[in-house]
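Here the sequence shown stands for residues 30 to 139, numbered as in the numbering used here. As structure tokens, the structure follows; a few thoughts come after it.
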Amino acid sequence: MQAGKLRHRITLQRYEDQKQGPSGELIGRWIDVATVWASIEALSAREFIAAQSTQSEITVRITIRYRPGLDATMRAVHDGAIYNIHGVLPDPRSRRHYLTLPVSEGVTDG
């Protein structure tokens, strides 16, 4: 992955339940984990058709530098768009240079 392709700034978020008020009521909210440079690419028609056989929602691929601790319960936000992460795929050679995140666009409550 060439650094020049990582031209989009995204924020990675994790969903957390937090106690609020004297009653200790749990309120869920998205917490920022990190802001990183990324490549955001729409899937080609061929990739989209292949993705439909397993995950019909996946329409975008986000690539970032390797970062430990990411998982499919998180989401990415870029320029007001929310991307739900469906998986975290390490690079096939070293498994530590970059990560590919198959995502779908849309809002989730957690």
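No residue lacks a Cβ here, since even glycine has one placed at the ideal position from N, Cα and C.
Ignore the nearest five residues each way along the sequence and tell me which others in residue 54's own chain have a CB closer than 8 Å to its CB.
-> 48
Does the distance from the CB of residue 37 to the CB of residue 69 come in under 8 Å?
-> yes
Reference residue 102; option with closest CA among 92, 114, 89 = 114
Within the same chain, show all residues whose beta-carbon is closer than 6 Å to that of residue 64, passing over the 5 residues directly before and after it, in chain order.
-> 40
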